[in-house]
Amino acid sequence: MRYQFTITPPPRPRLALVGLTLFIAAIAGAVLVVACSERRSRDSEARAAEPAAVTPSPAATQPTEPVITGPVSFERADSAFRERRYSEAVSLFALYTAGKPANPWGHYMLGLSAWRAGDRETAEQEFNKTIELDSMHVKARLNLSRILIETGRAKGAFEPLQTVLRLDSTSTSAFRLLGRAYDAVGETDSAIDAYKHAILLDDHDAWAMNNLALVYVEQGRFEDALKPLARAVEVDSSTAPFRNNLGIMLERTGHYSAAAAAFKAALAIDSTYTKASVSLARVTGLKEDPSLSRVDLGSLAQSFIADVESWRKGTAQPGS
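Using numbering that gives the first Met the number 0, the letters of the sequence shown correspond one by one to residues 0 to 319.
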């Protein structure tokens, strides 16, 4: 199944929120990070992720669960979720939904809490229940599609995402997730189209730029990958995976000193970012081709902005 997109000049909405979810792909011993589920182990390379419908924080160590008695309010359960006590939030929202089974938001938050607690099966069930109760619930469909992609069922993500786009044709999250789904099933051209559409809707969508670059890498287009990554770093200079991915592309194109600077910048943001430290050690001391022109990241970012304008005006060459 392949959907075609017409790239038209959409309105420019506000900057997308930075939220959860990411995916790690090995590239010649290095790691590119694309939006997917957050890894919960301490050695996780995930320190940021693609914007999500709701923005929970990384899972914290769960304390011993208290004995829960009496009626549970939505506010009490939501407070546990906001304070990262996800297992407790699951118990609280389960009691809340038992008392108020017709409230779709109770089931949605139970699903989100279960997801953060590592129980994707319950999360999927509750997102489906939310949709059953409220067919217009966009956030439940978006997060259901994320779970389907994360669990290797990307083909199943197309239906909820297409429904979201029928409800809201300007959803950048839906197009970004559609890009991930297409990439997961090997439809790289459609993935590129979807990421481009997300960027046209929000030209500050740094995660869409990051993910677009990864698809270019899969096609062996390393030089092309540099431009969206340079722009992603310009848009969001505080996300370590963007710096790390930029460093990998600089390394792959022979710009070793610039790559080292990118890996150092990633470590300055997150000193525990293991892959960046490994990559830095790998490129340190490598000799660049003296005939190679010095890379200008600012110019690359500006070139990507020009590319986006060409998409907007319909003047881009096919496949560019």
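Don't be surprised by glycine CBs; every beta carbon is placed ideally from N, CA and C. Only a predicted model underlies this, so the values are computations on that prediction, with no experimental measurement involved.
- When secondary structure is reduced to three states using DSSP, GLU149 falls in the helix class.
- Taking a cut-off of 8 Å for Cβ pairs, the segment 192–201 and the segment 261–269 do not touch, as fewer than three such pairs fall below it.
- When DSSP states are grouped into helix, strand and coil, ALA101 belongs to the coil group.
- Between PHE303 and the set ASN209, LEU176, ALA275, LEU166, the nearest pair of CA atoms involves ASN209.
- In the three-state DSSP reduction, ALA116 falls in the coil class, being neither helix nor strand.
- Taking C-alpha positions only, ALA79 is separated from ALA113 by approximately 12 Å.
- Look at the segment 191–225 and you find these whole runs of alpha helix (DSSP H), each 4 residues long or longer: 205–217.
- At a Cβ-Cβ threshold of 8 Å, ASN244 and ALA212 count as neighbours.
- Cβ contact annotation for LEU147 (same chain, cutoff 6 Å, sequence separation greater than five): GLY155, ALA156, in chain order.
- By the neighbour-count criterion, in which 16 or more other beta carbons inside 10 Å mark a residue as buried, GLU222 falls on the exposed side.
- In this structure GLU74 is exposed. Its beta-carbon is surrounded by fewer than 16 other beta-carbon atoms within 10 angstroms.
- Fewer than three Cβ pairs drawn from the segment 250–259 and the segment 230–239 lie within less than 8 Å of each other, which leaves the two stretches out of contact.
- Within a 10 Å sphere around the beta-carbon of GLU149 sit 16 or more other beta-carbons, which makes this residue buried.
- In the DSSP assignment, SER78 falls within the unbroken alpha helix (DSSP H) covering 73–81.
- Nearest to ALA229 by C-alpha distance, out of ALA101, LEU299, GLU186, GLY313, is LEU299.
- Per the coordinates, the alpha-carbon of ALA258 lies some 12 Å from the alpha-carbon of VAL277.
- Under the three-state reduction of DSSP, TYR272 is assigned to coil, being neither helix nor strand.
- In the DSSP assignment, LEU285 falls outside any alpha helix (DSSP H) and carries neither an H nor an E.
- The continuous alpha helix (DSSP H) containing GLY178 extends over residues 171–183.
- Counting only residues of its own chain and dropping the five nearest sequence neighbours on each side, LEU109 has a CB closer than 7 Å to the CB of VAL89, PHE92, ALA93, THR96, GLU125.
- Under the three-state reduction of DSSP, LEU291 is assigned to coil, being neither helix nor strand.
- Taking each of VAL214, TYR85, VAL232, PHE174 in turn and checking the Cα distance to THR187, the smallest one comes out for VAL214.
- The residue from TYR107, SER144, TYR255 with its alpha-carbon nearest to that of SER292 is TYR255.
- Of the candidates ARG220, HIS203, ALA224, the residue whose Cα lies closest to the Cα of VAL234 is HIS203.
- Counting of Cβ neighbours within 10 angstroms places LEU285 among the exposed residues, the total staying below 16.
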